[in-house]
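Residue 795 is where the sequence shown ends in my numbering, and the numbering goes up by one at each step.
For glycine and all other residues, C-beta sits at the position ideal for the given N, C-alpha and C.
Bear in mind that the values here come from a model prediction, so they are computed numbers and not experimental data.
These notes are about the structure you will find just below.
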Amino acid sequence: MRDLSVSVTGLARYTSRSGDLAGSGYNNVSGIEGTKLHKKIFSDLRHEYGDDIDTEYTVENDFVDSDITLHVHGRMDCLYTPSNDIPHIIEIKSFNNTKDRYEQLEQSWHVTQLKLYGAMYMFSNPDVFDVKLTLRYVSITTLQPYEKTFGMSYEEATVFFDQICLKYAGFARQLADYSDLLFSSASGFKFPYPEMRKGQALFMKSVLMSLSCKEALFVEAPTGTGKTISTLYPAVKGLLKHKYYKIFYLTAKTATREVAHKALNDMRDSGLKIRSCLLEPKESLCPLMMTCDKKFCPLCKDYYTKLNDALSELLMIDDITSKEVREIADRYAICPHELMLEAMNYCTVVIGDYNHAFSPLVTLIDEDNCDTSVVLADEAHNLNDRAREMYSATLHENTVDDMLRQFSGKNQHIEANLAKIKDYFRIIGQCMASQQSAFKILEGADENKVLRTTDWEGMRQVPRQLYPILWYTLSKLQPELDNLPQGDLRDTAMTFFFDTRFFVTCLEQYYDDSYITCTGRDDEGIFIKLNCLDASSKLNKIIRDHLGVVFFSATLSPYEYYRNILVGADADYTRSLALPSPFPPENLDIMIDSSISTAYKNRRLTAPDLVARISEELTDRTGNYMVFFPSFEYMNMILPLLEEEFKKYTSHDGITRKIICQTPQMTVQEKEAYLGAFDSVSSGLQVGFAVLGGHFGEGVDLVGDRLSGIICVGVGIPKLTPEREILSSYYGEQFGDGYAFAYRFPGWEKVLQAVGRVIRTEEDTGFALLIDERLSKPEYTMLFPEHWNI
């Protein structure tokens with residue numbers, strides 16, 4: 006007899022979905038948005054029914070069919086148990102479309118889900134023979150409910166439960182066959198490489214312990230430690246403990262996802278039978294990005310009717326990538342992006358982007374896998390900025406202008422509301438021109454609490470006057486979306502709708518003391534932004550409630566800094582591990598020159614000294630080197646001076662000395678050409694100029710003679726901006742040293758990443774010269790890694 010667990014939601018979705026992909030309705034309500042709305046509805050229900058109502062009530066029941074036992078489990082939304090009536094179960098579904106009647110909203114799998122809850126409740130309560138069931142749909146925009154109530158007897162429940170489970174049994178056997186292969190191969194599976202590197206055994210032991218205990222482990226593992234396999238291997242072995250069943254391996258960059266993909270394939274080559282999927286961005290798979298509707302995309306038609314057959318075929322493959330997904334989706338004429346997301350639910354390892362776990366708009370961790378999943382977050386030094394951006398929302402004036410042009414004369418209600426938003430932007434523009442406070446005029450803000458520069462203004466309060474204008478505009482626009490024809494009008498409306506709805510969602514659900522409201526001007530014109538200064542409380546909730554997580558990177562110190570900005574200073578479930586470099590320390594020669602100031606105000610004054618120092622270090626060398634600067638402006642100041650210096654030496658000895666430069670907004674081809682210049686080593690000198698924290702400052706492998714050394718100019722201090730100053734003030738309030746959190750630590754991270762370009766293998770040797778007078782001060786010397794050979 007084999008056991009298999011399935012949630013009520015998963016069972017209902019598989020057995021009872023049919024027809025087309027939805028339009029701009031259910032698919033546009035994220036899991037986090039739905040959860041927030043449910044909490045509001047639960048609060049209303051408590052007022053309606055009193056203390057006799059329970060929320061998220063757990064039910065479970067087993068179904069036995071010959072060789073398989075199906076363990077069905079779930080949490081019903083609401084259970085009302087009055088003393089004078091039969092139990093009443095209420096299932097809530099949020100939606101975001103234009104329907105205004107229950108019949109237009111009902112989906113068959115929602116009904117199945119509710120009936121399964123009713124049946125399982127009666128099975129676990131022998132004295133209950135009838136239940137009342139209500140399926141309630143609630144608009145995420147208006148909170149208007151639409152519902153239907155019906156009854157169910159014990160006899161009906163028994164027949165229904167058996168029918169649904171029998172319908173699932175064939176697919177359950179396919180899943181059980183895979184599970185048997187996975188666990189039998191994992192139990193005897195050995196480390197896939199001939200030997201472990203220095204520090205790997207401790208790394209893997211710590212990962213396994215933290216994931217089993219649902220801790221957050223922070224690991225600083227220098228280049229060469231083997232970070233990818235050191236997290237994946239113990240995570241896979243941890244599956245045997247049956248405390249989690251899914252592993253999300255998340256990164257900031259596509260190249261790193263490919264490394265994880267290769268590591269998994271190496272594990273398969275060593276005998277592991279494991280199913281994984283390599284997620285692609287939606288734009289690379291979805292034919293029509295914002296038009297998930299059969300009226301515009303034929304791949305939506307009968308999607309759910311054809312899905313189960315396509316899914317069963319796809320799940321015969323262990324290594325699921327976009328190639329396999331496209332081939333099968335083409336055969337069944339269904340959406341490849343949606344098929345990939347369906348397949349993900351049945352994969353043990355999911356390789357993707359940070360968004361897939363942490364974004365409020367994209368997250369794939371839902372009620373079916375939230376408390377049975379772990380996360381491995383590679384390149385975790387990038388997560389803070391990414392998370393802050395995930396929870397920030399921006400509106401641009403030019404988007405409103407596009408809407409006004411497209412809707413001119415078409416809908417007076419929408420046009421009137423758009424005009425009010427345009428007036429808001431117009432006043433901002435006028436205030437910028439006259440150097441007045443727009444937020445004082447528009448929002449009644451205390452001018453003493455508004456930070457303002459020429460083209461930027463910020464306040465730490467909700468834009469209460471703007472909010473209702475946006476809300477009413479959405480309420481008028483939403484009913485029109487499904488009826489708009491394909492073309493510019495629909496594209497403009499959908500872009501505005503999604504941007505504005507997330508802006509409103511941030512105001513309603515996320516805005517707290519960690520936000521500022523700001524307005525300014527960028528390449529797209531005037532904007533209004535809800536800027537999240539600190540996303541740690543959001544990440545903390547996701548991790549604390551559901552997951553074990555490993556944050557790891559070659560640069561993840563000081564530990565307290567990363568803990569505070571990623572999960573918060575009060576998080577009591579974290580541990581840290583700092584590993585030594587596996588390479589001999591003498592392979593990397595670290596030199597510190599603190600005689601030259603690179604501070605912004607001194608750069609022109611010290612430019613000759615800097616050029617002389619760079620020239621002194623490089624002129625007599627041959628091979629490939631890189632010089633990192635804190636900005637393009639600084640780099641372009643030094644470039645002609647150093648070129649002139651090199652010419653003098655070349656005129657004497659005839660040795661070629663060449664400088665290649667990173668430029669802003671380089672294309673993929675230009676980046677490849679830049680790195681390609683390091684593929685050959687000539688008898689002369691080649692120096693690559695690049696910017697700290699840019700494309701070439703991290704994640705670049707220039708092994709052996711491709712790179713023999715780097716010079717780092719400055720300590721990477723971020724540019725002084727009003728936003729950065731507010732961030733410094735915020736961190737000062739939270740942690741005491743705002744400057745360190747907003748400037749010093751983020752800058753130092755860039756320096757460490759640049760130094761990490763030099764030694765990539767055990768055979769590599771080279772040097773790193775760091776130039777800045779601040780490097781002699783204790784606040785920096787305390788940040789020097791222990792493995793630096795100084």
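Tell me which same chain residues have a C-beta within less than 6 angstroms of the C-beta of residue i, skipping the five on either side of it?
i	result
F47	T60
P227	A559 and S586
Y516	V467
P197	D271, M272 and S275
T20	I169, K172 and Y173
T603	V718, G719 and D777
Rounding to the nearest angstrom, what Cα-Cα distance links residue i and residue j in this structure?
i	j	result
L775	S685	26 angstroms
G714	R765	12 angstroms
D72	L494	56 angstroms
K251	D82	24 angstroms
H418	S215	55 angstroms
L788	S734	22 angstroms
K299	Q491	12 angstroms
G30	I145	Legend: pLDDT at G30 = 43, less than 50; position of this residue unreliable, no value from coordinates given.
L471	D518	19 angstroms
V13	F176	15 angstroms
K203	G229	9 angstroms
M6	Q168	20 angstroms
P589	V77	54 angstroms
V164	E347	28 angstroms
Y183	I322	10 angstroms
E332	A315	10 angstroms
D56	Q758	56 angstroms
Y630	T668	17 angstroms
Q441	F507	29 angstroms
Is the beta carbon of residue j closer than 8 angstroms to that of residue i?
i	j	result
V555	L222	yes
I356	Y429	no
I731	G463	yes
F694	V632	yes
N416	L571	no
K267	E384	no
E784	R729	no
V720	D769	no
T117	T139	no
T399	K543	no
L584	F166	no
I601	T611	yes
L255	A392	no
E220	Y564	no
C537	S439	no
E649	I664	no
Keeping to the same chain, check which residues put their C-beta closer than 8 angstroms to that of residue i; ignore five residues upstream and five downstream.
i	result
F134	M127, S158 and Y159
M349	C282, L284, V355 and L369
Only counting the same chain, and skipping five residues up and downstream in sequence, which positions put a Cβ closer than 7 angstroms to that of residue i?
i	result
P292	C302 and L304
Y4	As displayed, the chain neither begins before 6 nor continues past 795, which places residue 4 out of reach and without an answer.
S781	S599
E622	I716 and L774
Out of the options, point me to the one whose CA is closest to residue i's CA.
i	options	result
P92	V69, Y62 and S113	Y62
S190	L788, R469, G698 and Y238	Y238
L277	V264, Y249 and K242	K242
T497	T404, L75 and V143	T404
D706	K606, V264, Q514 and T326	V264
T478	V509, L319 and V354	V509
T726	G737, E738 and A747	A747
L797	V455, S364, E791 and N387	Nothing in the structure corresponds to residue 797, since the chain is present only between 6 and 795.
L187	E108, C352, M201 and Q739	C352
S192	Y337, H247, L180 and S688	H247
L110	Y122, L121 and I97	I97
Would a check of beta-carbon distances place residue i closer than 8 angstroms to chain D?
i	result
N270	Given the protein chain composition of this structure (a single chain), no chain D is represented.
| message | Which complete alpha helix (DSSP H) runs does the stretch 395-476 hold, if anything under 4 residues is left out? | response | 402-412, 417-439 and 443-448
| message | My parser needs the alpha helix (DSSP H) runs of 4 or more residues fully inside the stretch 662-736; what are they? | response | 673-681
| message | List, from N- to C-terminal side, the beta strand (DSSP E) runs of 3 residues or more that fit wholly inside the stretch 174-233. | response | 221-225
| Runs of beta strand (DSSP E) wholly within the stretch 228-294 (minimum 3 residues, chain order) | 251-256 and 281-283
| said: Quick check for students: name the residue ranges of the beta strand (DSSP E) that lie wholly in the stretch 86-151, counting only runs of 3 or more. | reply: 93-100 and 135-144
| query | Where are the alpha helix (DSSP H) runs, 4 residues long or more, that stay fully inside the stretch 312-367, in chain order? | reply | 327-337, 341-349 and 360-363
| field | Ordered list of alpha helix (DSSP H) runs contained in the stretch 548-630, each at least 4 residues | value | Within the stretch 548-630, the complete alpha helix (DSSP H) runs of at least 4 residues are 564-571 and 608-623.
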